Amino acid sequence: MTNQRKPRGPYRKSAERREQILQAAYEAIDEHGERASLQDIADRVGVTQPALTYYFPTRDDLLLAVLERRDMRGREIAGAAASGKSMVEGMAASARHATEHPGLAKLYVTLSAAATDPESPAHDYFAERYRGLAAEVTRDLKAQQQAGEIRADQPADHLARAVLAVMDGLQMQWMHDPTVDIAAIAETFTRVLASSAGARQETKPTD
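Right, here's the structure in full:
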(Lines of atoms letter the chains of each structure in order from A and count residues from 1; the text may use other names and numbers.)
(Lines give C-alpha, C1' and ligand atoms only; values in the text may rest on other atoms or scores of the structure.)
Protein backbone atom coordinates (compact mmCIF):
# COMPACT_ATOMS: atom_id res chain seq x y z
CA MET A 1 0.00 0.00 0.00
CA THR A 2 1.43 3.36 -0.96
CA ASN A 3 1.50 6.22 1.49
CA GLN A 4 -0.25 9.40 0.52
CA ARG A 5 2.10 12.32 0.58
CA LYS A 6 1.08 15.41 2.48
CA PRO A 7 1.37 18.75 0.70
CA ARG A 8 4.76 20.32 1.22
CA GLY A 9 6.31 23.72 0.79
CA PRO A 10 4.13 26.57 -0.48
CA TYR A 11 1.14 24.29 -1.07
CA ARG A 12 0.97 23.27 2.59
CA LYS A 13 1.53 26.84 3.74
CA SER A 14 -1.24 28.03 1.46
CA ALA A 15 -3.64 25.43 2.86
CA GLU A 16 -2.67 26.33 6.41
CA ARG A 17 -3.22 30.05 5.75
CA ARG A 18 -6.62 29.38 4.23
CA GLU A 19 -7.55 27.33 7.29
CA GLN A 20 -6.39 30.13 9.59
CA ILE A 21 -8.51 32.67 7.73
CA LEU A 22 -11.56 30.42 7.73
CA GLN A 23 -11.23 29.72 11.46
CA ALA A 24 -10.77 33.44 12.18
CA ALA A 25 -13.88 34.23 10.15
CA TYR A 26 -15.81 31.49 11.96
CA GLU A 27 -14.86 32.96 15.33
CA ALA A 28 -15.48 36.58 14.31
CA ILE A 29 -18.93 35.80 12.92
CA ASP A 30 -19.71 33.68 15.97
CA GLU A 31 -19.06 36.79 18.07
CA HIS A 32 -20.49 39.52 15.85
CA GLY A 33 -22.72 37.83 13.29
CA GLU A 34 -22.75 39.10 9.72
CA ARG A 35 -21.50 42.46 10.99
CA ALA A 36 -18.01 40.98 11.42
CA SER A 37 -15.69 42.97 9.18
CA LEU A 38 -13.07 41.67 6.81
CA GLN A 39 -10.57 43.91 8.58
CA ASP A 40 -11.32 42.24 11.91
CA ILE A 41 -10.81 38.83 10.31
CA ALA A 42 -7.57 39.92 8.67
CA ASP A 43 -6.29 41.34 11.98
CA ARG A 44 -6.97 38.05 13.74
CA VAL A 45 -4.80 36.22 11.24
CA GLY A 46 -2.18 38.93 10.90
CA VAL A 47 -2.58 39.58 7.18
CA THR A 48 -3.78 42.52 5.15
CA GLN A 49 -7.39 42.70 4.07
CA PRO A 50 -6.51 42.43 0.35
CA ALA A 51 -4.60 39.23 1.16
CA LEU A 52 -7.88 37.59 2.13
CA THR A 53 -9.07 37.78 -1.47
CA TYR A 54 -6.32 35.41 -2.57
CA TYR A 55 -8.06 32.64 -0.62
CA PHE A 56 -11.65 33.96 -0.71
CA PRO A 57 -12.18 36.25 -3.72
CA THR A 58 -15.37 37.78 -2.31
CA ARG A 59 -16.99 38.29 1.08
CA ASP A 60 -19.77 35.94 -0.01
CA ASP A 61 -17.23 33.18 -0.69
CA LEU A 62 -15.93 33.55 2.86
CA LEU A 63 -19.41 33.63 4.43
CA LEU A 64 -20.47 30.50 2.57
CA ALA A 65 -17.30 28.71 3.65
CA VAL A 66 -18.15 29.62 7.25
CA LEU A 67 -21.65 28.19 6.80
CA GLU A 68 -20.23 24.97 5.38
CA ARG A 69 -18.03 24.65 8.48
CA ARG A 70 -21.04 25.36 10.72
CA ASP A 71 -23.02 22.63 8.94
CA MET A 72 -20.15 20.18 9.28
CA ARG A 73 -19.76 20.79 13.01
CA GLY A 74 -23.51 20.70 13.55
CA ARG A 75 -23.75 17.31 11.87
CA GLU A 76 -20.86 15.97 13.92
CA ILE A 77 -22.55 17.10 17.13
CA ALA A 78 -25.96 15.76 16.13
CA GLY A 79 -24.48 12.48 14.95
CA ALA A 80 -22.52 11.97 18.16
CA ALA A 81 -25.57 12.74 20.28
CA ALA A 82 -27.82 10.36 18.33
CA SER A 83 -25.30 7.52 18.05
CA GLY A 84 -26.95 4.39 19.38
CA LYS A 85 -29.91 6.41 20.60
CA SER A 86 -32.65 8.19 18.68
CA MET A 87 -33.35 11.19 16.50
CA VAL A 88 -34.57 13.04 19.61
CA GLU A 89 -31.04 13.40 20.97
CA GLY A 90 -29.69 14.40 17.58
CA MET A 91 -32.24 17.14 16.94
CA ALA A 92 -31.97 18.49 20.47
CA ALA A 93 -28.18 18.61 20.23
CA SER A 94 -28.38 20.41 16.90
CA ALA A 95 -30.79 22.96 18.37
CA ARG A 96 -28.58 23.55 21.40
CA HIS A 97 -25.57 24.02 19.12
CA ALA A 98 -27.46 26.75 17.27
CA THR A 99 -28.32 28.64 20.46
CA GLU A 100 -24.74 28.39 21.71
CA HIS A 101 -23.50 30.13 18.55
CA PRO A 102 -25.98 32.98 17.93
CA GLY A 103 -23.78 34.87 15.49
CA LEU A 104 -23.46 31.86 13.22
CA ALA A 105 -27.17 31.08 13.56
CA LYS A 106 -28.06 34.65 12.58
CA LEU A 107 -25.76 34.46 9.55
CA TYR A 108 -27.49 31.25 8.49
CA VAL A 109 -30.99 32.72 8.83
CA THR A 110 -30.02 35.94 7.04
CA LEU A 111 -28.31 34.29 4.09
CA SER A 112 -30.98 31.61 3.82
CA ALA A 113 -33.68 34.24 3.41
CA ALA A 114 -31.62 36.22 0.89
CA ALA A 115 -30.84 33.03 -1.05
CA THR A 116 -34.46 32.65 -2.15
CA ASP A 117 -33.50 35.18 -4.85
CA PRO A 118 -32.01 33.19 -7.77
CA GLU A 119 -29.50 36.02 -8.25
CA SER A 120 -28.13 35.64 -4.73
CA PRO A 121 -24.57 34.25 -4.54
CA ALA A 122 -25.87 31.86 -1.87
CA HIS A 123 -28.81 30.55 -3.95
CA ASP A 124 -27.09 27.45 -5.33
CA TYR A 125 -25.48 26.65 -2.00
CA PHE A 126 -28.79 26.57 -0.12
CA ALA A 127 -30.66 24.79 -2.92
CA GLU A 128 -28.07 22.00 -2.90
CA ARG A 129 -27.90 22.01 0.90
CA TYR A 130 -31.63 21.41 1.26
CA ARG A 131 -31.64 18.73 -1.42
CA GLY A 132 -28.78 16.90 0.26
CA LEU A 133 -30.17 17.24 3.77
CA ALA A 134 -33.65 16.16 2.68
CA ALA A 135 -32.23 13.03 1.07
CA GLU A 136 -30.08 12.25 4.10
CA VAL A 137 -32.89 12.74 6.61
CA THR A 138 -35.28 10.74 4.42
CA ARG A 139 -32.90 7.76 4.49
CA ASP A 140 -32.62 7.98 8.28
CA LEU A 141 -36.37 8.24 8.73
CA LYS A 142 -37.06 5.29 6.43
CA ALA A 143 -34.70 3.17 8.50
CA GLN A 144 -36.45 4.25 11.69
CA GLN A 145 -39.85 3.54 10.15
CA GLN A 146 -38.75 0.03 9.23
CA ALA A 147 -37.47 -0.47 12.76
CA GLY A 148 -40.80 0.68 14.19
CA GLU A 149 -39.21 3.64 15.98
CA ILE A 150 -41.27 6.39 14.35
CA ARG A 151 -44.64 6.63 12.65
CA ALA A 152 -44.85 4.95 9.26
CA ASP A 153 -48.24 6.25 8.22
CA GLN A 154 -46.72 9.23 6.35
CA PRO A 155 -44.10 9.35 3.56
CA ALA A 156 -40.58 9.60 4.92
CA ASP A 157 -39.64 12.31 2.42
CA HIS A 158 -42.55 14.49 3.62
CA LEU A 159 -41.53 13.98 7.23
CA ALA A 160 -37.93 14.85 6.34
CA ARG A 161 -38.96 18.18 4.86
CA ALA A 162 -41.10 18.81 7.96
CA VAL A 163 -38.07 18.14 10.20
CA LEU A 164 -35.97 20.67 8.27
CA ALA A 165 -38.79 23.23 8.32
CA VAL A 166 -39.22 22.85 12.07
CA MET A 167 -35.51 23.29 12.77
CA ASP A 168 -35.22 26.36 10.53
CA GLY A 169 -38.44 27.85 11.89
CA LEU A 170 -37.35 27.35 15.49
CA GLN A 171 -34.09 29.17 14.81
CA MET A 172 -36.04 32.07 13.33
CA GLN A 173 -38.36 32.27 16.34
CA TRP A 174 -35.42 32.07 18.71
CA MET A 175 -33.83 35.04 16.94
CA HIS A 176 -36.91 37.09 17.83
CA ASP A 177 -37.29 35.67 21.33
CA PRO A 178 -34.20 34.07 22.95
CA THR A 179 -36.38 32.64 25.73
CA VAL A 180 -37.81 30.08 23.29
CA ASP A 181 -36.31 26.72 24.28
CA ILE A 182 -35.80 25.32 20.81
CA ALA A 183 -34.01 22.21 22.06
CA ALA A 184 -37.02 21.25 24.19
CA ILE A 185 -39.40 21.98 21.32
CA ALA A 186 -37.27 19.87 18.98
CA GLU A 187 -37.62 17.01 21.46
CA THR A 188 -41.40 17.51 21.51
CA PHE A 189 -41.53 17.34 17.72
CA THR A 190 -39.57 14.10 17.59
CA ARG A 191 -41.93 12.58 20.15
CA VAL A 192 -44.81 13.52 17.86
CA LEU A 193 -43.07 11.61 15.06
CA ALA A 194 -42.77 8.60 17.31
CA SER A 195 -46.28 8.82 18.78
CA SER A 196 -48.04 6.58 16.24
CA ALA A 197 -45.33 3.94 16.44
CA GLY A 198 -45.51 3.97 20.21
CA ALA A 199 -49.29 3.72 20.20
CA ARG A 200 -49.21 0.70 17.90
CA GLN A 201 -46.65 -1.00 20.12
CA GLU A 202 -48.73 -0.35 23.24
CA THR A 203 -51.95 -1.71 21.70
CA LYS A 204 -50.36 -4.70 19.99
CA PRO A 205 -52.14 -7.81 21.25
CA THR A 206 -50.05 -10.25 23.24
CA ASP A 207 -49.98 -13.98 22.64
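Position in the sequence shown counted from 1, then plus 77, gives you the numbering used here.
All C-beta atoms, glycine included, are put in the ideal place defined by N, C-alpha and C.
Because the structure is a prediction, the values reported are computed rather than measured.
Can you tell me whether residue i is buried or exposed? The criterion is at least 16 other CB atoms within 10 Å of its CB, across all chains shown.
i	result
H235	exposed
A131	A small correction: the amino acid at residue 131 is Tyr; Ala does not occupy that position in the sequence shown. Label assigned to Y131: exposed.
T267	buried
A263	buried
H174	buried
A242	exposed
M168	buried
A64	Residue coverage of the chain in this structure runs from 78 to 284, which leaves residue 64 outside it and unanswerable.
A190	exposed
G151	buried
Flag residue i as yes if its beta-carbon sits less than 9 Å from any beta-carbon of chain D, otherwise no.
i	result
R95	Of the chains in the structure shown, none is chain D; there is only one protein chain.
Assuming contact is defined by CB atoms lying nearer than 9 Å, are residue i and residue j in contact in what I supplied?
i	j	result
Q222	A212	no
L141	A199	yes
S91	A105	no
L210	A233	no
A204	A220	no
A261	T176	no
R216	D148	no
A170	I227	no
Which same chain residues, not among the five before or five after residue i, have their C-beta less than 6 Å away from its C-beta?
i	result
D107	H178, G180 and L181
V214	A237 and V240
A101	I118, R121 and V122
R94	none
L99	A142
F133	L139
Y202	L141
For residue i, which residues in the same chain have their Cβ closer than 8 Å to its Cβ, ignoring the five residues on either side in sequence?
i	result
Q116	Q126
A128	A119
D137	P198 and A199
D254	none
R208	none
What whole-angstrom Cβ distance do residue i and residue j have, given they're in contact under 8 Å?
i	j	result
M244	A172	7 Å
R146	Y185	With a Cβ gap of about 12 Å, R146 and Y185 do not count as contacting.
L188	L144	7 Å
What residues in its chain sit with their C-beta under 7 Å from that of residue i, if we drop five residues either side in the sequence?
i	result
D258	none
Self-check item: Completely contained alpha helix (DSSP H) runs for the region 123-167, where each covers 4 or more residues
Solution: 126-132 and 136-159
Exercise. Pick out the complete alpha helix (DSSP H) segments inside the region 162-227, 4 residues or longer, and give them in chain order.
Key: 164-177, 179-191 and 200-223
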